[in-house]
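*Asks:*
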Amino acid sequence: MKISELRKGAKNVDVRGVIIEISEPREVNTIYGKKLVANATLEDESGRIKLSLWEKQIQQVRVGDIVEIKNGYLTEFRDELQLNVGKYGKILVVRKE
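Residue 1390 in this note's numbering sits at position 38 of the sequence shown; the count goes up by one each step and never skips.
(1) If you run the structure through DSSP and keep just helix, strand and coil, what is Ser-1404?
(2) Alpha carbon to alpha carbon, how far is Pro-1377 from Arg-1359?
(3) Nearest to Lys-1422 by alpha carbon, out of Glu-1428, Asn-1436, Ile-1383?
(4) So, for Val-1516: in the same chain, excluding its five sequence neighbours on each side, which residues have a beta-carbon less than 7 angstroms away from its beta-carbon?
(5) If you measure between the beta carbons of Ser-1398 and Gln-1434, is that distance less than 7 angstroms?
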């Protein structure tokens, strides 16, 4: 699937792209306690989308890596479409930068 085809509420999404940016991790309070989260920007030839990285996922990827998101889902946060991996999804690094 291409990034331009992604829609809010979509589930079981497989998408491939390059990580072009990763924010500094920050600590947030969740129902599961305090967790680290960072926002990455994933890009393909059709567009860009924010990708939420939680805890160990933050160390898995670097700017320039080509990644595949398997079984992701989409939400909207602050009026911006966001791709999430979740506990049933995976981030696969296809090529390291």
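Here a beta-carbon is modelled for each residue, glycine too, at the ideal position from N, C-alpha and C.
*Replies:* Well, looking at it:
(1) Taking the sequence shown and counting its residues from 1, the one referred to as residue 1404 is at position 52. In the three-state reduction of the DSSP assignment, Ser-1404 falls in the strand class, which pools E and B.
(2) Within the sequence shown, residue 1377 is the residue found at index 25, counting from 1. Within the sequence shown, residue 1359 is the residue found at index 7, counting from 1. When rounded, the distance between both Cα atoms is 26 angstroms.
(3) Locating residue 1422 in the sequence shown gives position 70, where the first residue counts as 1. Of the listed residues, the one whose Cα sits closest to Lys-1422 is Asn-1436.
(4) In the structure displayed, the chain extends from 1353 to 1449; residue 1516 sits before or after that span and is not available.
(5) Counting from 1 along the sequence shown, the entry for residue 1398 is found at position 46. Counting from 1 along the sequence shown, the entry for residue 1434 is found at position 82. Not in contact: Ser-1398 and Gln-1434 (Cβ atoms no closer than 7 angstroms).
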